[in-house]
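Notes follow the structure.
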Amino acid sequence: MNIIIKATQLDLTPAIREYVETKIGLLDKLLKKFEIKSEIKVEVEIARSTKHHRHGNVFYAEANIHLPKKTLRAEHFDVDIRIAIDNIKKKLYQEIVKYKDLHISAPVRRAKCAKKISE
Numbered sequence: 423m424n425i426i427i428k429a430t431q432l433d434l435t436p437a438i439r440e441y442v443e444t445k446i447g448l449l450d451k452l453l454k455k456f457e458i459k460s461e462i463k464v465e466v467e468i469a470r471s472t473k474h475h476r477h478g479n480v481f482y483a484e485a486n487i488h489l490p491k492k493t494l495r496a497e498h499f500d501v502d503i504r505i506a507i508d509n510i511k512k513k514l515y516q517e518i519v520k521y522k523d524l525h526i527s528a529p530v531r532r533a534k535c536a537k538k539i540s541e
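For the numbering used here, add 422 to where a residue sits in the sequence shown, where the first one is 1.
Structure below.
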């Protein structure tokens, strides 16, 4: 899994880089099945943002995972960058599980149905 980290209006410290790589790297176990044809690319953007009527530091984290036939995306705004990263990891985990259920489990279910019908 190839993780690309982009920082906007924010200094990307080694601690933040390592935190992103460890948290997003945990999703690698779920994505191993899709790395047959090519390496999976994960783009993570971290930014300091001040949305309308919000004061102080507001951090934004966004991640895109490019899978065969689909791109999974998660974003989150929070006052702490680490909480925002944790939340996009949770959202991506849910998206990956949903994608796997649709694209991997469906052929297995169809094969079991066909076997029952043929018996």
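For each residue, glycine too, the CB sits at the ideal point set by N, CA and C. Just so you know, these numbers come straight off a predicted model, no measurement behind them.
Anyone know if the C-beta pair for residue i and residue j falls short of 8 angstroms?
{"i": "Lys513", "j": "Glu467", "result": "no"}
{"i": "Ile446", "j": "Ile462", "result": "no"}
{"i": "Asn486", "j": "Arg495", "result": "yes"}
If you drop the 5 nearest sequence neighbours on each side, which residues of the same chain put their C-beta closer than 8 angstroms to that of residue i?
{"i": "Val480", "result": "Arg470, Ser471, Thr472, Lys473, Phe499, Asp500 and Val501"}
{"i": "Val618", "result": "Nothing in the structure corresponds to residue 618, since the chain is present only between 423 and 541."}
{"i": "Leu434", "result": "Ile427 and Ile468"}
Which residues in the same chain have their Cβ closer than 6 angstroms to the Cβ of residue i, if we skip the five residues on either side of it in sequence?
{"i": "Tyr482", "result": "Ala469, Ser471 and Phe499"}
Would you report the Cα separation of residue i and residue j, rounded to the nearest angstrom?
{"i": "Ile526", "j": "Ile518", "result": "11 angstroms"}
{"i": "Glu465", "j": "Lys492", "result": "14 angstroms"}
{"i": "Lys520", "j": "Ala533", "result": "20 angstroms"}
Starting from residue i, trace the beta strand (DSSP E) both ways and give me its first and last residue.
{"i": "Lys428", "result": "Asn424 to Thr430"}
{"i": "Lys463", "result": "Lys463 to Ser471"}
{"i": "Asp500", "result": "Lys492 to Asp500"}
{"i": "Leu489", "result": "Val480 to Leu489"}
Leaving out the 5 sequence neighbours to the left and right, which residues in its chain are closer than 7 angstroms to residue i when beta-carbon positions are compared?
{"i": "Asp450", "result": "Met423"}
Provide the residue span of the alpha helix (DSSP H) that contains residue i, from first to last.
{"i": "Ile518", "result": "Ile503 to Lys522"}
{"i": "Glu541", "result": "Premise fails: Glu541 is in no alpha helix (DSSP H) and is neither H nor E."}
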